[in-house]
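Residue numbers (this note's numbering), protein chains in the order written: chain A, 1 to 444; chain B, 1001 to 1243. We put the CB at the ideal spot given by N, CA and C, even for glycine.
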Amino acid sequence: MRSLLAKDLRILWRSPFLLALLVIYPLLVAALIGLSLSRSPDKPRIAFVNEVPAGQEFSIGDQTFDFSFTERRLREHAEPVRADSRREAERMVRDGDVLAALIVPSDTVQKLDSTLDSPQLEVLVNERDPVKARLVDDAIEAAVADANRRVSRALTRTSIEYLNLLLDGGRVNVLGNEFTVLGLKRIGDAIESARRRLPRGSEERRALDQVLTFNRLATENFGLSARALSAISEPIRVEKQAVEGSRVPLTTFAAAVAVAISLMFVTVILAAGGLALEREQNAFTRLVRGLVSRGRLLAEKAAFAVAGSVPLTLLMLLAVSAFVPTEWDRFHLWALAVLAGAAAFAALGTLVGALAREVQTASLLAFTLLLPVAFLALVPDGVLSPALHDLTRVISAAFPFDPTLDAVTAALYGDDSMLGPLLHLTGLTVGFGGLARLAVGRLG
Amino acid sequence: MTVNLDGMQTQPPVVLEAVGLHKAYGAREALRDVSVAVRAGERVACIGPNGAGKTTLLTILAGIQRQDAGTVESRAGRAGWVPQALALYSKLSVAENLRLFARLEGVADLDATVERLLEQTGLRDRADERVERLSGGNRQRVNVAIGLLGDSPLLLMDEPSSALDARQRERLWQHIGALVGAGKTVVFATHILSEAERYADRVLVLADGERLFWGAPGDLEREVGAHRDLESAFVSFLRQRGH
């Protein structure tokens, strides 16, 4: 087996185009992903134009809004990029420097002050890419909802302050003049005191009793109103809990996807191509007539594919680590995840190689099989009908891409256990290895 | 033919015997009840029109594929095998190919065996050249050399001279003659009937998977009457048998 392995590695070494492709491809994928991750953070870039004249502010109670707060809100959901004018923002969107532009028109403060008309923020977006457009919609909707909530809270707080003033009394400033407001509670006390001084059964005392009843009702209901206003300022609150999986940073997930895709293609193509080459060069019949058993030949091809792909993938991980924060003390887990994935992909590759007679057919078969498998595994939950979703889950589980992605993600980030994906990959290695042995047994 | 101590002629022992071989690929029958017994030191040519079943028979005798019915018994261990299509690695050099297969064959003295075969095939000067850069004839010589690596007493060759020019063919048959002289048994399939006439002790004629003739080349010529050579006798023979 060592002789055959050495032979395969020598042939690979003497195939410069294939070798270059196998080395450059994963490194290129790593570099592309790394660059895109370093340039494009988790948040989309959105241009921000504030056309409200300098100094114009909008006040609610003692709180003042100058509309730079919209930019601050936006920062929580996107990466705002300052633009000096609407024209510049349009150019940035058109050139792809930003995904969209958010414009606060100059009449925004007047409309807010008028209370008759709601101000309208404007969004410029390049709709050529629906995925990016969706990202922008989400970011801007979230930012505007935040801003609305903040204004609403300020309004509520001011209303509650006025209600409390009516209830408890206090000092209030109107147009620079200070006034003392007595408040319903103290009014009630004063009326009660006056009432006691009136003769029982008198007309005036009965009239004051009615005033006192009204005062008590008003005091109680104003108290309820304050609590109700507090509640409706944020009627529904959200508390997020992860019931499955942990929140993996986008950069880590993207790195794991890149690693899994490269590992998949390189390993499957090496294993399938290695076995198909034996048939293409007619050496297969020479080998299996007593020189090497079919099982050992498959094991050699799997070992060849793993020996070729694992170092390349680890090299790729090192390249990605230049862009993604990495924990080096978890390197042994990376290696374990990559090795387990490679073993399963190699077993699948030998099956593909047993089904194809030539290297070209094996490569084509590998690509046509693997691309949809990777695509299905990356389809997010909830975008398909339940039946279709279940079908994609079954297909994904039947191939090594999904468990490899889980294992590499767990190895890189480490919140989830690697045990499940590793056991899954072991099962697939045995399964595909068995199928490959059956297929190669039928070859003449 | 061998002579025993009493001066009586005795037949050499049978080293390869196939009885009642049958093989079908789907509905097509490639071999129908074919039997053959090859004696030690014989050179047997398997001839027949295209699709006669020559390669199927040889691959069954070589143990590459199984017959559907019938038996094959080899008393020569694992036969050396030279397939019709080149079965070697084009990215490896001549010496690397020989060394790899010699190691897989479990050859004891690897270097000496490779040297001997390079010498025998006249490829010593091209030993370090990759097979992909050799001419078709030289590739076929490497292909034959790999079949000889195991030093088996029985050699099965499927059209070994098909890619060779006249001079190379002559050299190949000289080499095969030397092997037979050293006690090896050779069974080969060929389309070149002059080779069968010149180099075979016995011919097996197959047509549509059926054994039509088994005997010496001269016997075939005698069977169809006077002909200028084996090729014209063979064509007449096939015509007589309705092929």
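- Taken in chain order, the complete beta strand (DSSP E) segments of 3 residues or longer contained in the region 91–169 of chain A are 100–104 and 122–125.
- For B:Tyr1089, there is no enclosing beta strand (DSSP E), as DSSP marks it with neither H nor E.
- Within chain A, the C-beta atoms nearer than 8 Å to that of B:Glu1105 come from Leu291, in chain order.
- Counting along the chain, A:Lys301 sits inside the alpha helix (DSSP H) bounded by residues Arg294 to Val320.
- Taking all protein chains shown into account, A:Gly274 has 16 or more neighbouring C-beta atoms within 10 Å of its C-beta and is therefore buried.
- Using beta-carbon distances, A:Ala283 counts as an interface residue toward chain B, with a partner under 8 Å.
- The C-alpha of B:Val1094 is placed about 18 Å away from the C-alpha of B:Gly1106.
- Taking 8 Å as the cut-off, the beta carbon of A:Ala271 is found closer than this to the beta carbon of A:Thr350.
- One alpha carbon belongs to A:Asp117, the other to A:Asp95, and they sit about 34 Å apart.
- If you ignore the 5 residues before and after A:Val211, its C-beta comes within less than 8 Å of the C-beta of Ile191, all in its own chain and listed in chain order.
- If you check each beta-carbon in the region 1072–1084 of chain B against every beta-carbon of chain A, the ones closer than 7 Å belong to Arg1078, Trp1081 and Pro1083.
- Three or more beta-carbon pairs separated by less than 8 Å link the region 250–268 of chain A to the region 299–319 of chain A, which places the two stretches in contact.
- Among the CB atoms of chain A, one or more fall inside 8 Å of the CB of B:Lys1091.
- Rounded to the nearest angstrom, the Cβ distance from A:Leu348 to A:Phe432 is 5 Å, consistent with a contact under 8 Å.
- Contacts with chain A at 8 Å (Cβ-Cβ) do not include B:Leu1212.
- Per the coordinates, the alpha-carbon of A:Ile11 lies some 18 Å from the alpha-carbon of A:Ala299.
- Pairwise C-beta distances place the region 1048–1060 of chain B in contact with the region 1185–1195 of chain B, as three or more of them are shorter than 8 Å.
- DSSP lists B:Glu1017 as the bridge partner or partners of B:Glu1073.
- The C-beta of B:Leu1086 comes closer than 8 Å to at least one C-beta of chain A.
- From the beta-carbon of A:Arg14, the residues of chain B found nearer than 9 Å are Lys1091, Leu1092 and Arg1130.
- The bridge partners DSSP lists for B:Gly1215 are B:Val1203.
- Among the bridge pairs identified by DSSP, A:Asn177 is matched with A:Val174.
- By the Cβ neighbour-count rule, B:Gly1218 is exposed, with fewer than 16 other Cβ atoms within 10 Å of its own.
- Rounded to whole angstroms, the gap between the alpha carbons of A:Thr252 and A:Arg157 is 42 Å.
- Residue-level contact by beta carbon holds for A:Lys7 and chain B, with a gap shorter than 8 Å.
- Boundaries around A:Trp334 are those of the alpha helix (DSSP H), Phe331 to Leu355, since no beta strand (DSSP E) includes it.
- With respect to chain A, the C-beta atom of B:Leu1100 has a partner C-beta closer than 8 Å.
- B:Ile1047: not part of any alpha helix (DSSP H); member of the beta strand (DSSP E) spanning Arg1043 to Ile1047, first to last residue.
- Partner residues in the beta bridge of A:Asn50, as assigned by DSSP, are A:Val104.
- For A:Leu412, the closest C-alpha among the options A:Ala337, A:Pro400 and A:Arg186 is that of A:Ala337.
- With its beta carbon at least 8 Å from every one in chain B, A:Ser363 lies outside the interface.
- With contacts defined by Cβ atoms closer than 8 Å, B:Gln1065 and B:Glu1159 do not form a contacting pair.
- When 8 Å is used as the limit between beta carbons, A:Arg10 is near these residues of chain B: Lys1091, Leu1092 and Glu1096, in chain order.
- When DSSP states are grouped into helix, strand and coil, A:Lys7 belongs to the helix group.
- In the assembly as shown, A:His332 is an exposed residue. Its beta-carbon has fewer than 16 other beta-carbons within 10 Å.
- For the pair of segments examined, the region 9–26 of chain A was found to touch the region 1086–1093 of chain B: the number of CB pairs separated by less than 8 Å reaches three.
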